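Q: Have a look at the structure that comes next, please.
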Ligand code: SF4
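Written out as structure tokens, the structure is:
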């Protein structure tokens, strides 16, 4: 991912080099570059475009919070339940207490938009081969040590270049780009809940569906409400241990499991991704317990993807996950009776394909994010007629 | 001659007779291995609810001369800055009315100028332009006098600094623009971290302070202070304790503020924070409040900052030499 950090230099650096930045910006702007490129990179690795700055267009009254004494507020959107003084922001960095009222600062303020194959999310049982118009804002309510998008997720809205794109605009662009869905992804969409919610509604008015790519660290009421307006949710379940959630993710496991059950009970299409990090969450015991929990609480038909970790951000001292480890995880989950167990981030691995749990034939053949063949007809295996869960 | 002119002259010519004479052995800064913390107070610093600028400059000089055990303020300042350097002044403007007093910053600027720092080579900074403006500062990118701007104006250097549990980008004000930093924090309670004095003031240098308030800020506040650039560039800390807050911080809560009328200075910000914390605890006790420990927000990061991994200073009171001076 590009560097996204914004800055406005209006005076020379101590060590000045080349064209001054203001001149460059003017030239770039005149040439239309600023409008067409999300980010311009400088030689020192930092980036400049236009700072997001203060802009009331992005500020909306937040949902799910309550007033406390002395202008403090308590946010009730996610299980962190931040108590926030006047002028301060919550852990996610995108919600601010202004005089005892809580506001989101990222309404209509994506930092990036992109059209991705739905397989990249990954959602394998939801319109395979379709495109998802994907958006993200700044901020996150977790701080995973392996985050691959930390340059947008671990920053505040002012620190990153952004666009003004209200919900209707997103819906319209998704349609223009021929995207079947809008995906709320790259950072944690819980923290731009209001924007996501309104965009999902705007999308439906244009016949565009919505999918949420989330860590599901969210309170019960907001997730229930969200399920009413979105079509599918992919949950990144980071581990099956409290300790990992505490040490590596800075969150808790229990509320995530509760949210997963709620999504399932509300009838939204659900898939789970489990990033397998060598030595930290890959023990046989943990994978077995996870698989049993899924069987018990969600049933065998919820797909699970064991994906490969690559060293990133604050977790650079570990090697990439050996493919053999991923295959062992899959074998454990298969043995527990789960029907759709995938391996991710290993292009060409046979476990990228969807197989009929009854006759074992390949139903959807994939390489990386590309769907090579799609054989499911009317939601059933064309060979044996078994119903294949998903939205096809 | 008005008092300010007299003060200016006294800096240049050593005329400091108006200061109380303090007899200190010359080696008290380091030979004992103790960290020196100087607390100066002036009961008359407020005049009709406003800070008396002349008395404040006097008080600042008193603190610096006491700390460095020198006769003239200039000699003290020359121990921390050198002509030709770019010096940042990190203020704290998060509390609106309870922000760093501009009069104190003006006094520091005056002494920096006299110590040979060019006006335009002084940078007064905090997180956001907006915060600085709410704290009474005028944004100045290029005009005459000290420059004033927030991190949002200069952005963050692309290198990710990692120490312990913290990983952050640092404002370019620290990494690229300044040779040294004077750290001017406040003496106040903090509803999450227990207290926010000089160590926590440097959260204003990182891009993600909102991530590091977990567990009373421990070990994150210590970790951030241990980033090599911060460790190397923060030269001196001055705590604006003219008014302090013993409860309800960091937001400005007039009902829990008191006029301490002082400054706390030193090189060792761990020792400063330990000392400031004790002052806040005493005040809380006097006002009938529970201790921070009883409230589940004991600022344990102060101890972490002094452990062998961080080695940022002293949190053991036996290793802190506190000198209290009252201005006459
Ligand atoms: S959504 Fe943000 S402010 Fe609200 S509780 Fe979660 S982290 Fe805190």
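Chains as they are written, first to last, in this note's numbering: chain A, -12 to 379; chain B, 373 to 700.
Heads up, the beta-carbon is just placed ideally off N, CA and C, and yes, glycines get one too.
Note that the structure is predicted; figures quoted are calculated from it, not measured.
Does the distance from the C-beta atom of residue 182 (chain A) to that of residue 94 (chain A) stay below 7 Å?
A: Contact flag set, yes.
Q: Name the DSSP bridge partner or partners of residue 90 (chain A)?
A: Beta-bridge pairing links residue 90 (chain A) to A:48, A:83.
Q: Comparing alpha-carbon positions, which option in B:659, B:427, B:488, B:650 lies nearest residue 671 (chain B)?
A: Comparing Cα positions, the closest option is B:650.
Q: Show which residues of chain A have a CB atom less than 7 Å away from the CB atom of residue 586 (chain B).
A: Going along chain A in sequence order, the residues near residue 586 (chain B) (Cβ under 7 Å) are 237.
Q: Looking at the secondary structure, which residues open and close the beta strand (DSSP E) in which residue 262 (chain A) lies?
A: Where residue 262 (chain A) is concerned, the enclosing beta strand (DSSP E) stretches over 256 to 263.
Q: Taking 6 Å as the cut-off, is the C-beta of residue 64 (chain A) nearer than that to any heavy atom in ligand 1?
A: Correct: residue 64 (chain A) has its Cβ closer than 6 Å to ligand 1.
Q: Mind listing, in chain order, the continuous beta strand (DSSP E) runs of no fewer than 3 residues lying wholly within the stretch 257 to 322 of chain A?
A: Correct list: 291 to 295.
Q: Going by the CB atoms, is the gap between residue 340 (chain A) and residue 295 (chain A) shorter than 7 Å?
A: No, these two residues do not count as a Cβ contact at 7 Å.
Q: Under 7 Å between beta-carbons, which chain B residues line up against residue 253 (chain A)? List them in chain order, please.
A: Under the 7 Å cutoff, chain B gives no residues; its nearest Cβ is about 31 Å from residue 253 (chain A).
Q: Do you know how far the Cα of residue 646 (chain B) is from the Cα of residue 335 (chain A)?
A: If you take the alpha carbons of residue 335 (chain A) and residue 646 (chain B), they lie about 59 Å apart.
Q: Short check: CB of residue 528 (chain B) to CB of residue 549 (chain B), under 7 Å?
A: No, these two residues do not count as a Cβ contact at 7 Å.
Q: On the three-state DSSP scale, how would you describe residue 625 (chain B)?
A: In this structure, residue 625 (chain B) counts as coil in the three-state DSSP scheme.
Q: Taking only the alpha-carbon atoms, compute the straight-line gap between residue 515 (chain B) and residue 470 (chain B) and give it to the nearest angstrom.
A: About 27 Å.
Q: Taking residue 412 (chain B) and residue 428 (chain B) to be in contact with their CB atoms under 8 Å, please state how far apart those CB atoms are, rounded to whole angstroms.
A: Not quite, the Cβ-Cβ distance comes to about 10 Å (not below 8 Å), so this is no contact.
Q: Entirely within the stretch 486 to 511 of chain B and at least 3 residues each: give me those beta strand (DSSP E) ranges in chain order.
A: Complete beta strand (DSSP E) runs here, min 3: 494 to 498.
Q: Using only the alpha-carbon positions, how far apart do residue 356 (chain A) and residue 293 (chain A) sit?
A: Each residue's Cα considered, the two are about 15 Å apart.
Q: Given this structure, state the Cα-to-Cα distance separating residue 451 (chain B) from residue 91 (chain A), to the nearest angstrom.
A: For residue 451 (chain B) and residue 91 (chain A), the distance between alpha carbons rounds to 46 Å.
Q: Roughly how many whole angstroms lie between the Cα atoms of residue 500 (chain B) and residue 673 (chain B)?
A: Each residue's Cα considered, the two are about 25 Å apart.
Q: Touching or not, the stretch 679 to 689 of chain B and the stretch 588 to 599 of chain B, by the rule of three or more beta carbon pairs under 8 Å?
A: Taking 8 Å as the limit for Cβ pairs, the verdict is that the stretch 588 to 599 of chain B does touch the stretch 679 to 689 of chain B.
Q: Can you tell me whether residue 379 (chain B) is buried or exposed? The criterion is at least 16 other CB atoms within 10 Å of its CB, across all chains shown.
A: Note that residue 379 (chain B) scores a pLDDT of 42, beneath 50, so its modelled location is shaky and nothing firm can be said.
Q: Would you kindly check if the distance between the Cβ of residue 588 (chain B) and the Cβ of residue 565 (chain B) is under 7 Å?
A: Cβ distance < 7 Å, so residue 565 (chain B) and residue 588 (chain B) count as in contact.
Q: Whole beta strand (DSSP E) runs in the stretch 201 to 245 of chain A with 3 or more residues, listed along the chain?
A: Fully enclosed beta strand (DSSP E) runs of 3 or longer: 219 to 223.
Q: Quick check: the Cα distance between residue 44 (chain A) and residue 523 (chain B), rounded to an integer number of angstroms?
A: The alpha-carbon atoms of residue 44 (chain A) and residue 523 (chain B) are separated by roughly 22 Å.
Q: With residue 409 (chain B) as the anchor, note down where its beta strand (DSSP E) starts and where it stops.
A: Taken as a continuous stretch (DSSP letters only), the beta strand (DSSP E) holding residue 409 (chain B) covers 407 to 413.
Q: How big is the Cα-Cα spacing for residue 383 (chain B) and residue 561 (chain B)?
A: Residue placement at residue 383 (chain B) is flagged as unreliable, the pLDDT there being 41, under the threshold of 50; the coordinate-derived value follows with that caveat. For residue 383 (chain B) and residue 561 (chain B), the distance between alpha carbons rounds to 35 Å.
Q: What does residue 72 (chain A) reach in chain B if we use C-beta pairs closer than 7 Å?
A: Going along chain B in sequence order, the residues near residue 72 (chain A) (Cβ under 7 Å) are 563, 622, 623.
Q: Using a Cβ-Cβ cut-off of 7 Å, state whether residue 582 (chain B) counts as contacting chain A.
A: Interface residue, yes.
Q: Within the same chain, show all residues whose beta-carbon is closer than 7 Å to that of residue 368 (chain A), passing over the 5 residues directly before and after it, in chain order.
A: 343, 345, 346, 348, 350, 375.
Q: Return yes when at least one heavy atom of ligand 1 lies under 6 Å from the C-beta of residue 77 (chain A), else no.
A: Yes, the beta carbon of residue 77 (chain A) sits closer than 6 Å to at least one heavy atom of ligand 1.
Q: If contacts are defined as beta-carbon pairs under 8 Å, then residue 195 (chain A) and residue 161 (chain A) qualify, I think. What distance do you get, rounded to the angstrom?
A: With a Cβ gap of about 5 Å, residue 195 (chain A) and residue 161 (chain A) count as contacting.
Q: On a Cα-Cα basis, can you pick out the residue from B:643, B:467, B:518 that is closest to residue 477 (chain B)?
A: Residue 477 (chain B) has its Cα closest to that of B:518, out of B:643, B:467, B:518.
Q: If I measure Cβ to Cβ from residue 86 (chain A) and keep anything under 7 Å in the same chain, skipping five residues before and after, which residues do I get?
A: For residue 86 (chain A), where only same-chain residues beyond five positions count, the Cβ hits under 7 Å are 58, 73.
Q: Using 8 Å as the Cβ pair cut-off and three pairs as the minimum, do the stretch 569 to 578 of chain B and the stretch 656 to 669 of chain B touch?
A: They do not touch, by the three-pair rule.
Q: Given 6 Å as the limit, tell me if residue 82 (chain A) has its C-beta closer than that to any heavy atom belonging to ligand 1.
A: Yes, ligand 1 has a heavy atom inside 6 Å of this Cβ.
Q: Taking all protein chains shown into account, do 16 or more other C-beta atoms lie within 10 angstroms of the C-beta of residue 83 (chain A), making it buried, or fewer, making it exposed?
A: Residue 83 (chain A) should be labelled buried.
Q: Count the other C-beta atoms from every protein chain shown that fall within 10 angstroms of the C-beta of residue 16 (chain A), then say buried if there are 16 or more, exposed otherwise.
A: Low confidence applies here, because residue 16 (chain A) scores a pLDDT of 31, under 50, leaving its location unreliable and the question unanswered by this model.
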